[in-house]
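S.K.: Protein chains in written order, with this note's numbering: chain A, 1 to 276; chain B, 1001 to 1334.
We put the beta carbon where it would ideally sit given N, CA and C, even for glycine.
Note that the coordinates shown come from a computational prediction; the quantities given were computed from them, not determined experimentally.
1) Against residue 183/A, what residues of chain B qualify as contacts under a CB-to-CB distance less than 8 Å, listed in chain order?
2) Find out if the Cβ-Cβ distance for the pair residue 1261/B, residue 1322/B is shorter than 7 Å.
3) Tell me whether the region 188-199 of chain A and the region 164-173 of chain A touch, counting them as touching only if at least three CB pairs, one residue from each stretch, are closer than 8 Å.
4) With DSSP as the reference, label residue 1234/B as helix, strand or coil.
5) Looking at chain A, which residues of the region 1122-1147 of chain B have a Cβ within less than 9 Å of any of its Cβ atoms?
6) Given a cut-off of 7 Å on the beta-carbon distance, is the pair residue 1019/B and residue 1145/B in contact?
7) Roughly how many angstroms separate the alpha carbons of residue 60/A and residue 102/A, rounded to a whole number?
8) At a Cβ cut of 7 Å, what residues of the region 154-183 of chain A count as close to chain B, listed as they run along the chain?
9) Please work out which residues of its chain come closer than 7 Å, Cβ to Cβ, to residue 1149/B, disregarding the five sequence neighbours upstream and downstream, and give them in chain order.
10) CB-CB under 7 Å to residue 1043/B, same chain, minus the five flanking residues each way: which ones, in chain order?
11) Chain B beta carbons: is any one of them nearer than 7 Å to that of residue 92/A?
12) For residue 197/A, go through chain B and note every residue whose CB falls closer than 8 Å to its CB, in chain order.
13) Mark residue 157/A as exposed unless 16 or more other C-beta atoms lie within 10 angstroms of its C-beta, in which case mark it buried.
14) Using a Cβ cut-off of 7 Å (strictly closer), state whether residue 1089/B contacts chain A.
15) For residue 1303/B, list the residues DSSP reports as bridge partners.
16) Which residue's Cα is closest to the Cα of residue 1316/B: 1294/B, 1164/B and 1135/B?
17) Can you tell me whether residue 30/A is buried or exposed? The criterion is at least 16 other CB atoms within 10 Å of its CB, across all chains shown.
18) Classify residue 1157/B as helix, strand or coil using the three-state DSSP reduction.
19) Establish whether the CB of residue 1085/B and some CB of chain A are separated by less than 7 Å.
20) Below 8 Å on the Cβ atoms is my contact criterion, and I expect residue 231/A with residue 216/A to pass it. Report the Cβ-Cβ distance as a whole number of Å.
21) Cα-Cα, which of 1212/B, 1311/B and 1277/B is closest to residue 1035/B?
22) To the nearest angstrom, report how far apart residue 297/A and residue 202/A are at their CA atoms.
23) Taking only beta-carbon positions, decide if residue 1081/B is within less than 7 Å of chain A.
24) Can you find a CB in chain B that lies within less than 7 Å of the CB of residue 101/A?
25) Within the same chain, show all residues whose beta-carbon is closer than 6 Å to that of residue 222/A, passing over the 5 residues directly before and after it, in chain order.
26) Take residue 70/A and list the residues in its own chain whose beta-carbon comes closer than 7 Å to its own, dropping the five residues that flank it on each side.
27) What is the rounded straight-line gap between the Cα of residue 245/A and the Cα of residue 172/A?
28) If I follow the unbroken alpha helix (DSSP H) through residue 1105/B, where does it start and stop?
29) For residue 273/A, which of helix, strand or coil comes out of DSSP?
30) Which value, in whole angstroms, describes the spacing of the CA atoms of residue 1188/B and residue 1154/B?
31) Alpha carbons only, please: which of 252/A, 104/A and 243/A is nearest the one belonging to residue 65/A?
32) Let me know the secondary structure DSSP gives residue 1022/B once reduced to three states.
33) Tell me whether residue 1018/B, by its Cβ, gets closer than 6 Å to a heavy atom of the ligand GDP.
34) Taking the Cβ atom as the reference point for each residue, do residue 1156/B and residue 1077/B lie within a distance shorter than 7 Å?
35) Quick one: does residue 1219/B have its CB under 7 Å from some CB of chain A?
36) Specify, as a first and last residue, the run of the alpha helix (DSSP H) that residue 1247/B falls within.
So this is what it looks like as structure tokens:
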């Protein structure tokens, strides 16, 4: 009796999980499918799901019209650079908050997170003006810095949560064993925090890769990453759904593959260490 | 060498005074146990000696050198933690080698000491495992091994056995005692378990609310507790503390009689009462006696063959020369 209820429940859970998963994945799947259709099939009504003549013409057209490699390179530099820079700034910050907290540590953490609640457009003008003054507009370095700042609260929070899970007694043991602060960080803490640092890196590469507001507003041609590459195909001149889909697929493919191969780290990163 | 002296040491956490001014000397080679109920400041005191906490005022000397402002790494003390605090990403060998690596001891000497410690602690077959693959008792031995190889001036133990099951605890207790006999190094051991304190210590320091209630050898504490608190804390089962008219007869506010110093008969006793629970341990029998007219329940320890049951009326006679007397402040009247 109990077993049959369990099997039934398992079945329902599995079906529900698949349904939700497909629902979430459907827009991406549709984009990928559309990228292989002709422009005519792409807008046909009723829509065609699988039974169409598969074609690569959109990819050829997109690659002919735009320099995909340059956009890709910009994305890699900006997403990777901002994440690395963020980690370098956040590790010492999270370290001190986790292991030498003061009365205000919690307040500072909350305040940092609260900046994420501010609509980005609220600071567009000041940042735009600063960028003009400093000659950072449409530069990779400028975007790297902005994206680092945007994601810094999340990086600090994630690292803080990971560091918190490392028992203080182990650090004290290292101190008793004669380790200096530098040795304690290098030999004990960092190796123990590597899984956490890796998840943080990964999640932030994805966040930075997908970031569209700042990348679209602060770049024109030179430093434009893949988000701008997609945007260039949603032009008011005409509806080119199939080409737009091909561009989108090409833009999200690298990050989708990266995410697929690092699912485990990502899940533990997203649950902020709550699931063991 | 490992003489440790605390002079007027105090510790405050915010406005809360955990340790009021305290003086204590621990002699070289002595096995000293800090014992007391939880929250009595015994672990804090150990951490002050280790240097993991800064004292608010006062001074600490290790081997005659002022160590008040010396960081833990430089005090030459080794510590074994309650949680073992092994480095989870390192093998047993690397865990044990870590303090020597920090001290830049040459590799051959490191290997020699690791082999020696592993042999002494039955860890030879486990040197290449990670701490996660060991049992609780083995982890504890790795923690001890990591402490031994440094050849420290003193060992500090912070409730090292409280995470182990009862049988293992007795075994480890013996191992630590034997280790002390062999190394003759100063050891300071914190526990809330008075049995551990009695069985292992050369010197027991009984603490309550950061105050030293008594310092002495296990038998001194057992035979002549300085006050009611120590009387009740040391000894198992607990000493019977009796107030009221019975105490007045002895010119005291409180009298204390240990369960093993009361004779049980079926007639002609000084006191009488009804057996509540009888615990037959084989070697001994503990009777919890009610309705004695002495206030609280009286616990009696009788030989194993004495066979009274629940509800039996029995007679009790305390041995006159084993009655402890305490005044209104709870201090011993000698």
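M.R.: Quick look at the numbers:
1) 1102
2) yes
3) yes
4) coil
5) 1143, 1146 and 1147
6) no
7) 58 Å
8) 167, 169, 170, 172, 173, 175, 176, 177, 178, 179, 180 and 183
9) 1096, 1099, 1100, 1113, 1114 and 1117
10) 1158 and 1190
11) Not a single CB atom of chain B sits nearer than 7 Å to the CB of residue 92/A.
12) By Cβ distance, chain B contributes nothing, its closest Cβ being about 13 Å from residue 197/A, past 8 Å.
13) buried
14) yes
15) 1284/B
16) 1294/B
17) exposed
18) strand
19) Yes - at least one Cβ of chain A is within 7 Å of the one on residue 1085/B.
20) 6 Å
21) Nearest C-alpha to residue 1035/B: 1212/B.
22) Residue numbering for chain A in the displayed model covers 1 to 276; residue 297/A lies beyond these limits and cannot be assessed.
23) yes
24) no
25) So the qualifying residues of the chain are 138.
26) none
27) 55 Å
28) Unbroken run through residue 1105/B: none, as it is neither H nor E.
29) For residue 273/A, the predicted structure reports a pLDDT of 43, less than 50, and the residue's modelled location is therefore unreliable. A value from the coordinates is still provided. Of the three classes helix, strand and coil, the one that applies to residue 273/A here is coil, per DSSP.
30) Approximately 7 Å between the Cα atoms of the pair.
31) 243/A
32) strand
33) This structure does not include the ligand GDP; it has no bound ligands of any sort.
34) yes
35) no
36) 1245-1249
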